[in-house]
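Participant:
2 protein chains.
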Amino acid sequence: MSTSTRRPHDDIRQGATKPQPVDHEVLAVVLQVADAALHVLLWQHDRGPAAGSWALPGGPLMSDETLGQSVARQLAQKVDVRHLAHLEQLETRSDLERDPRGRVLATAYLGLVPADQRSILPADTRWHQIHALPEMAFDHASITSSGIRRLRAKLSYTNLGFALAPTVFTASELQAVYQAALGHEVSATNLKRILVRREQIAETGTHVSPGRSGGRPAAEYRFRKRHIEVTDQFAVLRPPELPRTLSG
Amino acid sequence: MSTSTRRPHDDIRQGATKPQPVDHEVLAVVLQVADAALHVLLWQHDRGPAAGSWALPGGPLMSDETLGQSVARQLAQKVDVRHLAHLEQLETRSDLERDPRGRVLATAYLGLVPADQRSILPADTRWHQIHALPEMAFDHASITSSGIRRLRAKLSYTNLGFALAPTVFTASELQAVYQAALGHEVSATNLKRILVRREQIAETGTHVSPGRSGGRPAAEYRFRKRHIEVTDQFAVLRPPELPRTLSG
DNA sequence: CTAGGTTATTGACTGTTAGTCCATAACCTT
DNA sequence: AAGGTTATGGACTAACAGTCAATAACCTAG
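For the protein sequence lines, the chains are A and B, in the order given. For the first sequence, the working numbering assigns the number 6 to the initial residue and increments by one for each residue that follows. For the second sequence, the working numbering assigns the number 6 to the initial residue and increments by one for each residue that follows.
(1) Does DSSP classify F167 (chain B) as helix, strand or coil?
(2) Between which two residues does the alpha helix (DSSP H) harbouring Q74 (chain B) extend?
(3) Between Q94 (chain B) and T71 (chain B), is the Cβ-Cβ spacing less than 8 Å?
(4) Take V86 (chain A) and list the residues in its own chain whose beta-carbon comes closer than 8 Å to its own, dropping the five residues that flank it on each side.
(5) Taking 8 Å as the CB-CB cut-off, is P26 (chain B) touching chain A?
(6) Measuring straight from C-alpha to C-alpha, what distance separates R11 (chain B) and P127 (chain A)?
(7) Work out the CA separation of L61 (chain A) and D121 (chain A) for me, nearest whole Å.
(8) V27 (chain A) lies in the alpha helix (DSSP H); which residues open and close that run?
(9) With 7 Å as the C-beta to C-beta threshold (strictly closer), list the residues of the stretch 121-142 of chain B near chain A in chain order.
(10) Could you give the distance in angstroms between the alpha-carbon of E261 (chain B) and the alpha-carbon of F143 (chain B)?
(11) Residues of chain B with CB under 7 Å from R110 (chain A), in chain order?
(12) Is there a Cβ from chain A that is less than 8 Å from the Cβ of Q49 (chain B)?
(13) With a threshold of 8 Å between beta-carbons, can T97 (chain A) be considered close to chain B, or not?
(14) Please list the partners that Y226 (chain B) has in chain A, where partner means a Cβ-to-Cβ separation under 7 Å.
(15) Any idea if P65 (chain A) is buried or exposed, counting beta-carbon neighbours within 10 angstroms, 16 or more meaning buried?
(16) Throw me the rounded Cβ distance for the K83 (chain A) and L46 (chain A) pair, which I believe falls under 8 Å.
(17) Taking its Cβ as the centre, do 16 or more other Cβ atoms sit within 10 Å of D237 (chain B), making it buried, or is it exposed?
(18) When the Cα of T149 (chain B) is compared with those of B:A185, B:L160, B:H136, which residue comes out closest?
(19) So with Cβ pairs under 8 Å, would you call L179 (chain A) a contact of chain B?
(20) With a threshold of 16 other CB atoms inside 10 Å of the CB of D104 (chain B), please say whether the residue is buried or exposed.
(21) Looking at chain B, is there any beta carbon in it that lies within less than 8 Å of the beta carbon of S58 (chain A)?
(22) Tell me which residues share the same chain as R110 (chain B) and place their Cβ nearer than 8 Å to its Cβ, disregarding the 5 neighbours each side in the sequence.
(23) Taking 8 Å as the threshold (beta carbon to beta carbon), is Y183 (chain B) in contact with chain A?
(24) Quick check on the DSSP output: what are the complete beta strand (DSSP E) runs of length 3 or more inside the stretch 174-239 of chain A, in order along the chain?
(25) Rank A:A33, A:Q25, A:D40 by C-alpha distance to the C-alpha of Q184 (chain A) and give the top, closest one.
(26) My output table needs one value for A113 (chain A): the three-state DSSP class, helix, strand or coil.
(27) On the criterion of 16 or more Cβ atoms from any shown chain inside 10 Å, does A56 (chain A) qualify as buried, or is it exposed?
(28) In this structure, does DSSP put H50 (chain A) in helix, strand or coil?
(29) Would L117 (chain B) and H91 (chain B) qualify as a contact pair, given that the criterion is a beta-carbon distance under 8 Å?
(30) Pick from A:A193, A:Y226, A:G152, A:A207: whose alpha carbon is nearest that of V173 (chain A)?
(31) Give a yes or no on whether the minimum CB-CB distance between S68 (chain A) and chain B is below 8 Å.
(32) Indicate whether at least one CB of chain B lies closer than 8 Å to the CB of L242 (chain A).
(33) Could you confirm whether any beta carbon from chain B is found closer than 8 Å to the beta carbon of Y162 (chain A)?
(34) Helix, strand or coil: how does DSSP classify T149 (chain B) here?
(35) Give me, in chain order, the residues of the same chain whose beta-carbon lies closer than 8 Å to that of V38 (chain B); leave out the 5 immediate sequence neighbours on both sides.
(36) Tell me the DSSP secondary structure of H136 (chain B) in three-state form.
Written as structure tokens, this is what we have:
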């Protein structure tokens, strides 16, 4: 103990290396579907060791804010944060060499913007297709991959689609969003049936105004919940007392 | 923008709050099944503001180690780390008030010990049943809940059972492990069939030596992989070109 | 006004996965 | 040998997912 006030625990062995405070930054992998492709928000360094390369939005953690507050504050400089339908913590990177300027821990977040939101971006900021990424700073490419992997996994067993789809959408539009996000073909028929059965989406009762497509007007749907929930369907080996559905 | 100096890197505006380095600690939620119950490893504070209450193993991050190295090093003081069959990052907590001694970020890990490993513990350290937890320090109870939630989810859609079960086990033993970890009844017949179909476990060809139980000798199994893998079965809306099985 | 094009929707059919139950197997002890 | 105990496998059902084709509801061209 002694009189030092800067110790997480009471009893710290002194060694060659000390538990000294470390710089900490926040980063965000912000994803949106547009033009049938998944995009990530990046901004371009104009100086420093990574000048010219593209980086995830973020910046240093301030002393009086939580990580969540920090990422929201810093994202606000790049995109309208009111457009973010979802924001969750992803992981914390701690490689000693991840930033050549010195040791910086980085906590990454995953943010999702619905496909119908149009953001006004600063001059140094752009959406990039995930299949045509530019040269990226530090470990940001790797962090981006983590974010995409997390999104794809959660699309399968949660209702996270609400954060990528428009508020109201047709089965075709939803299919296009999932297809772009998952990176492979998706059947609109099957997708709609699965999400209705899981009670993630419901018909609004309205239809697309006829004449726009030349075909039959499509029924419109919306997600029933706009916060993340895990599909219980998916929970293999569920408790025996719970009936799987209300039927029979 | 323009000449504004509020940029995440290179150039930091000085304000009321500064991006000053912050203390960082590592914590571990180490879980093991024993006596038909899930247990978590805790040690008891003998001084400081949380004296008497129980804490997760961990401690301050040193300046020359990654978070993963740090948690391994600190866990070694409480348990034989060679027993850990799995260790993964869980989340980073950043509440300003999580530790009354001052601001400390904490990155939590989830560690798993197979049921047949017997650890020799220090005097201040004990396994606690998760349904009979003592008073816990700071936000450690909440972090423990996160770890348990993560374990239970991953037991459903990954082969993470390998990290809780003994190397070789019978269907009954596996059922007991899953039942304790999941916290509800599990059918041994169904469990074995599901894990065999997913190709997570396979028969060793051996049987339990007769005479120990009075009944028919049980066949023994082992997990085929001892690193985590996601069940592809579970991936709803999988790519259409992939056949689901080899049949047909 | 009708024929044919386009998109959407529904239902039928199939195969896979999971949950339950019971008969049988393989050991034990008395 | 009978009866107890634990393990195993098969039968059955239900739920879930994937595919396809028929039909519906709009359009435009002629």
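Ideal Cβ positions, reconstructed from N, Cα and C, are used throughout, including at glycine.
Facilitator: In brief:
(1) Assigned with DSSP and collapsed to three states, F167 (chain B) falls in helix.
(2) From DSSP, the alpha helix (DSSP H) with Q74 (chain B) extends over 72-80.
(3) With contacts defined by Cβ atoms closer than 8 Å, Q94 (chain B) and T71 (chain B) do not form a contacting pair.
(4) Hits under 8 Å: A77, L80.
(5) Judged by the 8 Å Cβ criterion, P26 (chain B) is in contact with chain A.
(6) Unreliable positioning characterises R11 (chain B) in this predicted model, as indicated by a pLDDT of 38, which lies under 50. The coordinate reading is nonetheless provided below. Taking the straight line joining both Cα atoms gives about 13 Å.
(7) Distance between the alpha carbons of D121 (chain A) and L61 (chain A): 22 Å.
(8) Element bounds for V27 (chain A): n/a, residue is neither H nor E.
(9) Flagged: no residues at all.
(10) Since the displayed chain B opens at 6 and closes at 253, residue 261 (chain B) lies outside it and no answer follows.
(11) Reading off the sequence, residue 110 (chain A) comes out as Leu, not Arg. Residues of chain B passing the Cβ test: H29.
(12) It does not; no Cβ of chain A falls within 8 Å.
(13) Contacts with chain B at 8 Å (Cβ-Cβ) include T97 (chain A).
(14) Taking a Cβ-Cβ cut-off of 7 Å, Y226 (chain B) has no neighbours in chain A, whose nearest Cβ is about 16 Å from it.
(15) Of the other Cβ atoms in all chains shown, 16 or more fall within 10 Å of the Cβ of P65 (chain A); this residue is therefore buried.
(16) In this structure K83 (chain A) touches L46 (chain A) by the C-beta definition: roughly 6 Å separates them, less than 8 Å.
(17) D237 (chain B) is exposed by the Cβ-count criterion.
(18) Taking only the C-alpha atoms, the option nearest T149 (chain B) is B:H136.
(19) Judged by the 8 Å Cβ criterion, L179 (chain A) is not in contact with chain B.
(20) The residue in question, D104 (chain B), is buried, as its Cβ has 16 or more Cβ neighbours within 10 Å.
(21) No, S58 (chain A) does not count as interfacial toward chain B.
(22) Sequence inspection shows Leu at residue 110 (chain B); the Arg mentioned does not correspond to that position. Result list for L110 (chain B): V27, D28, H29, E30, T97, R98, S99, in chain order.
(23) At least one chain A Cβ lies under 8 Å of Y183 (chain B).
(24) If one requires a minimum length of 3 residues, the beta strand (DSSP E) runs lying completely within the stretch 174-239 of chain A are 206-212, 224-228, in chain order.
(25) Nearest option by C-alpha distance: A:D40.
(26) A113 (chain A): strand per DSSP, three-state reduction.
(27) Exposed, by the Cβ-count rule.
(28) If DSSP states are grouped into helix, strand and coil, H50 (chain A) belongs with coil.
(29) Yes, Cβ-Cβ distance for L117 (chain B) and H91 (chain B) is below 8 Å.
(30) Minimum Cα distance to V173 (chain A) is reached at A:Y226.
(31) It does: the Cβ of S68 (chain A) has a partner Cβ on chain B nearer than 8 Å.
(32) Chain B has a Cβ within less than 8 Å of the Cβ of L242 (chain A).
(33) A Cβ of chain B is located within less than 8 Å of the beta carbon of Y162 (chain A).
(34) Three-state result, T149 (chain B): helix.
(35) Contacts found: H44, A120, L169, A181, V182, A185, A186.
(36) In the structure shown, the three-state DSSP call for H136 (chain B) is coil.
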